[in-house]
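Per numbering that gives the first Met the number 0, the sequence shown starts with residue 0, numbered consecutively.
Heads up, the beta-carbon is just placed ideally off N, CA and C, and yes, glycines get one too.
Since this is a predicted model, take the numbers as computed values, not measurements.
Here the structure is laid out as structure tokens; the discussion comes afterwards.
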Amino acid sequence: MLNRWLIIAMFVNAFVCDESHTDSQLAAKHLARVLQTAKCDQPMPRVVYLSKHLSKYNKKYKPFATVLYVCDSGSGCCNDETQRCVAKNVETIVLHFLALEVTVEGNKKSVEAITFRNHTKCECRHINSFRLSFTADEELIPSDHIAWALYSNTINETGDRFAQLEVHTNPIHGDSAQAYHAGFIEGYLTADLMAMHWRNQIELYCDDKHKYCRKLFKFLDRNLKETQERVRAERNQSSYWHQIGLVLEQLTGLQDGYNVKLWGHSPEGPRMQVDSRGLIALTIIPELSEFELFLNKTVKTKGRDGSCSAIVKPLPDGSDLYVAHNTWVWYSMMLRVFKKYELNYRVTADSQEMIPGRISAFSSYPGALTSIDDFYILSSGLVVQETSITNINTELWKDIRPEDVVLEFIRNLVANRLAESGKEWSQIFGENNSGTYNDQFMIVDYKRFRWGTRSELSSPDLLWVLEQMPTLVVSQDVTGVLRSQGYWASYNVPFFEQIFNISGYNKLVELYGDYYSYNNTARALIFRRDQSKVRDLTTLYSLMRYNNFENDAFSRCDCVPPFTAEYAIAARNDLNQPDGTYPFDALGFRDWGAIDVKITTNDMAKRFEMLVVSSPSYERQQPFQWSTTKLSKSIRHEGHPDKWAFSPYFIKWYPYDTEIAGVTIAESPAL
0 MLNRWLIIAM
10 FVNAFVCDES
20 HTDSQLAAKH
30 LARVLQTAKC
40 DQPMPRVVYL
50 SKHLSKYNKK
60 YKPFATVLYV
70 CDSGSGCCND
80 ETQRCVAKNV
90 ETIVLHFLAL
100 EVTVEGNKKS
110 VEAITFRNHT
120 KCECRHINSF
130 RLSFTADEEL
140 IPSDHIAWAL
150 YSNTINETGD
160 RFAQLEVHTN
170 PIHGDSAQAY
180 HAGFIEGYLT
190 ADLMAMHWRN
200 QIELYCDDKH
210 KYCRKLFKFL
220 DRNLKETQER
230 VRAERNQSSY
240 WHQIGLVLEQ
250 LTGLQDGYNV
260 KLWGHSPEGP
270 RMQVDSRGLI
280 ALTIIPELSE
290 FELFLNKTVK
300 TKGRDGSCSA
310 IVKPLPDGSD
320 LYVAHNTWVW
330 YSMMLRVFKK
340 YELNYRVTAD
350 SQEMIPGRIS
360 AFSSYPGALT
370 SIDDFYILSS
380 GLVVQETSIT
390 NINTELWKDI
400 RPEDVVLEFI
410 RNLVANRLAE
420 SGKEWSQIFG
430 ENNSGTYNDQ
440 FMIVDYKRFR
450 WGTRSELSSP
460 DLLWVLEQMP
470 TLVVSQDVTG
480 VLRSQGYWAS
490 YNVPFFEQIF
500 NISGYNKLVE
510 LYGDYYSYNN
520 TARALIFRRD
530 QSKVRDLTTL
540 YSLMRYNNFE
550 NDAFSRCDCV
560 PPFTAEYAIA
570 ARNDLNQPDG
580 TYPFDALGFR
590 DWGAIDVKIT
600 TNDMAKRFEM
610 LVVSSPSYER
620 QQPFQWSTTK
630 LSKSIRHEGH
640 PDKWAFSPYF
650 IKWYPYDTEI
660 AGVTIAESPA
670 L
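In structure tokens, the structure reads:
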């Protein structure tokens, strides 16, 4: 069914030094895009004839021509055959000409000032190295395409769905060509959402924190430079650094697609760049809270932003294994895109072996290559999810240097693409630990699941758990815990004692009580009580949407009123009382809550499918609505529907359409 889809394909029209190249040559010769040294250098003088340049005017000028400096093939060649030598910097100049205008009343002479754009610096860019084709028939896509995509955005038409994007690349081309054009096609298609998400999340971020942002940009710029240099030095020998190079090239394409769509190549526009002030900032939104602590913007002594609830739940009869996640975040983040990437990369640059995780399906956001939530279904048979954990031990930051680490979102993608098991995923992710966006990751290996009997949990390595802190990563096969408990739940508290203690949670329990404990925090108690009632998708969906804070004993606190909507599987802190009294901010009234649910099963994961919903929990409370909420009216939410009371549905991928889910809240005393 194509009634909801738009297909866009990208084809090669490559030129180097005015010589045309075939697609097979492109695939063979494609080189690294990121900060590549090329001959493209200084702009060259070119004669510009005013009659041609200003043909819409019925005037003649003296002199009839002028000289401008222009970046083109005469300025030098680009080593990458999909690039052109174009302007990086442009200055505006004003020149005066004698104008002669012929009218019925006679000739009129005047001096006219004309504005030109003069190129002052050149660079190699992919702009104009391809053409785009829009079609409703996949059979019209030629076999030599680089990438094609399908895009559907009904966020403001029906409001009940995420935007949905599929990107596919062609393995006949080199990895770098695939990566760049996969990014470009996404940036081009989702540019409007990216711009809105940027304005909602990043545009004002540094307005009141200039000192901190200078330190942030300095760290990120140094880190990006070092990462790029290591890519250039090591990608030919290392699968790890080859994949990091592809991440950066995909980001570069994402930037260029965005710029072409919104700004039409115009250098004067606010172009989004792959640097600390552009796409990197948009991509590391979840890491920013750690950077605020790391760079001394804030001091964390109590309270935490518990971000996400998750569960891995085998059915008692062994008939299925469920993986479920909901994302806790501020509500302006509810502009969402579900994505599926089929990126046909090789393990290394000179290998013919495809990466295990070449296909990934995940919940995400405009402008992000990662899930951010995180929730991934991978072609390797792995399903990866996480909930965040907080480091309040400032001593751990002292050994983090920008030249020694790789940012979390890059390590996340590389592990997803290269790993075939939970153990491998943990080993890859743990390399070059940045200590930012510290999480508890759960890696479920469905290849290890044996359907139909209780013996499905006897296989080792079915579930690995990894926890990260600055300078320390701990991981372990916890299939035995899953077997003995009958579930694994995650709720923003470290499981491993070493991580629990080094991060400072042990001291927080002594100071502030069970909110910080692993076994007795509210969500641990609710999961323990209610997980045994999960028997199908309906009951699991009910558990992941559960919030009965005014009636549930586990939601009570030393507060006025005596309960908090934070103490639930799906938080709704906007429902707490603005004038209430709470022991620390995390329990009180604020812009925070669970904004979705994602669930997959053994069978659904094989098709990269999920049961999802996009909205804060509303089954027992009023739906969240921007026009009526007591939250500040200054919170940016451009592109959002007003009222969030949307139904669950099944995410399916081309050629299948999405499907409304027959899922309701289960009728049970607890659920």
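Item                                                                                                                                                                          : Value
Apply the 10 Å Cβ neighbour rule to Pro561 and answer buried if 16 or more other Cβ atoms are within range, or exposed otherwise.                                             : exposed
Kindly indicate which three-state DSSP category His209 falls into: helix, strand or coil?                                                                                     : helix
Let's see if you can read the secondary structure: which residues bound the beta strand (DSSP E) around Lys312?                                                               : Ser308 to Pro313
Taking its Cβ as the centre, do 16 or more other Cβ atoms sit within 10 Å of Gln177, making it buried, or is it exposed?                                                      : buried
Between Arg571 and Gln620, how many whole angstroms is the CB-CB distance? I'm expecting something under 8 angstroms.                                                         : 6 angstroms
Between the Cα of Val166 and the Cα atoms of Glu565, Asn343 and Lys629, which residue gives the shortest distance?                                                            : Asn343
How is the alpha helix (DSSP H) around Lys397 delimited, first residue to last?                                                                                               : Premise fails: Lys397 is in no alpha helix (DSSP H) and is neither H nor E.
With a 10 Å radius around its C-beta and 16 neighbouring C-beta atoms as the bar for buried, classify Ala348 as buried or exposed.                                            : buried
Could you give the distance in angstroms between the alpha-carbon of Phe96 and the alpha-carbon of Lys59?                                                                     : 10 angstroms
What residues in its chain sit with their C-beta under 6 angstroms from that of Leu320, if we drop five residues either side in the sequence?                                 : Pro313, Phe448 and Asn601
Name the DSSP bridge partner or partners of Asp476?                                                                                                                           : Trp463
Looking at Lys651 and Glu618, is the spacing between their C-beta atoms short of 8 angstroms?                                                                                 : no
My understanding is that Met468 touches Gly434, with C-beta atoms under 8 angstroms, so please give their C-beta distance in whole angstroms.                                 : 7 angstroms
According to DSSP, is Ala26 part of a helix, a strand, or is it coil?                                                                                                         : Interpretation of Ala26 is limited by its pLDDT of 29, a score under 50 that renders its predicted location unreliable; the figure taken from the coordinates is listed afterwards. Residue state, collapsed to three classes: helix.
First and last residue of the alpha helix (DSSP H) that includes Asn601?                                                                                                      : Asn601 to Lys605
If you pair each beta-carbon of the segment 414-421 with each one of the segment 373-389, do three or more pairs fall below 8 angstroms?                                      : yes
Can you tell me the Cα-Cα spacing of Ile243 and Val492, whole angstroms?                                                                                                      : 30 angstroms
May I have the straight-line CA-CA distance separating Thr153 from Tyr257, to the nearest angstrom?                                                                           : 20 angstroms
Is the segment 193-201 touching the segment 356-371, taking contact as three or more C-beta pairs under 8 angstroms?                                                          : yes
Would you mind working out which of Gly182, Glu202 and Asp40 sits nearest Glu637, comparing C-alpha positions?                                                                : Glu202
Can you check DSSP and say which residues form a bridge with Glu341?                                                                                                          : His167 and Ile358
Go ahead and label Asp206 buried or exposed: buried means 16 or more other beta carbons lie within 10 angstroms of its beta carbon, across all protein chains shown.          : exposed
State the CB to CB distance for the pair Gln249 and Leu278, rounded to an integer number of angstroms; the pair is presumed to be in contact (CB under 8 angstroms).          : Contact flag wrong, Cβ pair sits at about 10 angstroms.
Check for me: the alpha helix (DSSP H) holding Phe448 runs from which residue to which?                                                                                       : No alpha helix (DSSP H) contains Phe448, which DSSP labels as neither H nor E.
Under the three-state reduction of DSSP, which class applies to Arg45: helix, strand or coil?                                                                                 : strand
Hey, how far is the Cα of Arg45 from the Cα of Cys70?                                                                                                                         : 10 angstroms
For the alpha helix (DSSP H) holding Val405, just list the boundary residues, first then last.                                                                                : Segment: none, Val405 is in no alpha helix (DSSP H) and carries neither H nor E.
Would you kindly report the start and end of the unbroken beta strand (DSSP E) that includes Gln384?                                                                          : Leu381 to Ser387
Does DSSP put Ser318 in a helix, in a strand, or in coil?                                                                                                                     : coil
Which residues in the same chain as Glu233 place their Cβ atom closer than 7 angstroms to its Cβ, once the five residues preceding and following it in sequence are excluded? : Trp240
Taking the Cβ atom as the reference point for each residue, do Glu466 and Val477 lie within a distance shorter than 8 angstroms?                                              : no
Between the segment 403-413 and the segment 517-527, do three or more beta carbon pairs fall short of 8 angstroms?                                                            : no
For Ser331 versus Asn199, is the C-beta distance shorter than 8 angstroms?                                                                                                    : yes
Using the beta-carbon count (16 or more within 10 Å), is Tyr445 buried or exposed?                                                                                            : buried
Measuring only the C-alpha atoms, how far is Asn390 from Val480?                                                                                                              : 25 angstroms
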